[in-house]
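>
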Amino acid sequence: MRNKVNEIKISYCEKIPRKLRYKVNCSQDIAKFLYDHWDKKTIGLKETFKVVLLNNSNRVKGICEISSGGITGTIVDLRILFAVVLKSLTVGIILAHNHPSGNLKPSNSDKLLTDKIIQGAKVLDVNVLDHIILGPDGDYFSFADKGFL
1 MRNKVNEIKI
11 SYCEKIPRKL
21 RYKVNCSQDI
31 AKFLYDHWDK
41 KTIGLKETFK
51 VVLLNNSNRV
61 KGICEISSGG
71 ITGTIVDLRI
81 LFAVVLKSLT
91 VGIILAHNHP
101 SGNLKPSNSD
111 KLLTDKIIQG
121 AKVLDVNVLD
131 HIILGPDGDY
141 FSFADKGFL
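According to UniProt numbering, the stretch in the sequence shown is residues 1 to 149, in order.
#1: Taking the C-alpha atoms as reference points, what is the distance between Ser27 and Val5?
#2: Restricting to runs no shorter than 3 residues, where is the beta strand (DSSP E) found entirely within the region 80-113?
#3: Can the beta-carbon of Ile117 be found less than 8 Å from the beta-carbon of Leu86?
#4: Ala31 and Ile132 - do their beta-carbons sit closer together than 8 Å?
#5: Can you round the beta-carbon distance between Pro136 and Pro100 to whole angstroms, since I take them to be within the 8 Å contact cut?
#6: In whole angstroms, give me the CA-to-CA distance for His97 and Lys146.
#7: Between which two residues does the beta strand (DSSP E) carrying Leu129 extend?
#8: Within 10 angstroms of the Cβ of Cys13, are there 16 or more other Cβ atoms? Answer buried if so, exposed if not.
#9: With DSSP run on the structure shown, which of helix, strand or coil describes Leu124?
#10: Quick check on DSSP: helix, strand or coil for Phe33?
#11: Is the CB-CB distance between Leu149 and Asp130 below 8 Å?
#12: Could you tell me the distance, in whole angstroms, from the CA atom of Leu104 to the CA atom of Gly44?
#13: Which of the three DSSP states, helix, strand or coil, is assigned to Leu54?
#14: Which residues in the same chain have their Cβ closer than 6 Å to the Cβ of Phe141, if we skip the five residues on either side of it in sequence?
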């Protein structure tokens, strides 16, 4: 008798043509793009962590919510983050989360998480281009602009 095993399939379906995808040129572009796609009902209420998936031309393939938490934090499971990155054959990512308080200064946890993701991404040949912290009013902090990356 043969042992049974589950079948695992990996797929990613692109529905928007590459030339019609949003192109990221700077932190201001991506912060505005993220703010436009963030749930305005919760941006000032609870912390959410997302990843922007980019192709080789810095065009957005998609945005994926990785975790949603409480007023002062959320837990990011790196296995889920990198599963999404690998499944979508992404070459560059921009990390993003909001600070409901409006205080855009990155916490030590924010910095440690960013460093941990950068180290994992290096192993997978994925570029971490930025980490954006959004405020409830659309203001933002860019790790890249401030030299944190």
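Think of the CB as a built atom: it goes at the ideal place given N, C-alpha and C, for glycine as much as any other residue.
The answer reads as follows:
#1: If I take the Cα positions, the gap works out to 46 Å.
#2: Uninterrupted beta strand (DSSP E) stretches at least 3 residues long and entirely within the region 80-113 occur at 92-98, given in chain order.
#3: In this structure, Leu86 does not lie closer than 8 Å to Ile117 by Cβ.
#4: Contact flag set, yes.
#5: Between Pro136 and Pro100 the beta-carbon gap is near 6 Å, inside 8 Å, which marks them as a contact.
#6: When rounded, the distance between both Cα atoms is 16 Å.
#7: From DSSP, the beta strand (DSSP E) with Leu129 extends over 127-134.
#8: Exposed: under 16 other Cβ atoms inside 10 Å.
#9: When DSSP states are grouped into helix, strand and coil, Leu124 belongs to the coil group.
#10: In the three-state reduction of the DSSP assignment, Phe33 falls in the helix class, which pools H, G and I.
#11: A contact, by the Cβ cut-off of 8 Å.
#12: Each residue's alpha carbon lies about 12 Å from the other.
#13: For Leu54, the secondary structure class from DSSP, reduced to helix, strand or coil, is strand.
#14: A distance below 6 Å between beta-carbons, with the five flanking residues on each side excluded, links Phe141 to the following residues of its chain, in chain order: Leu104, Ile133.
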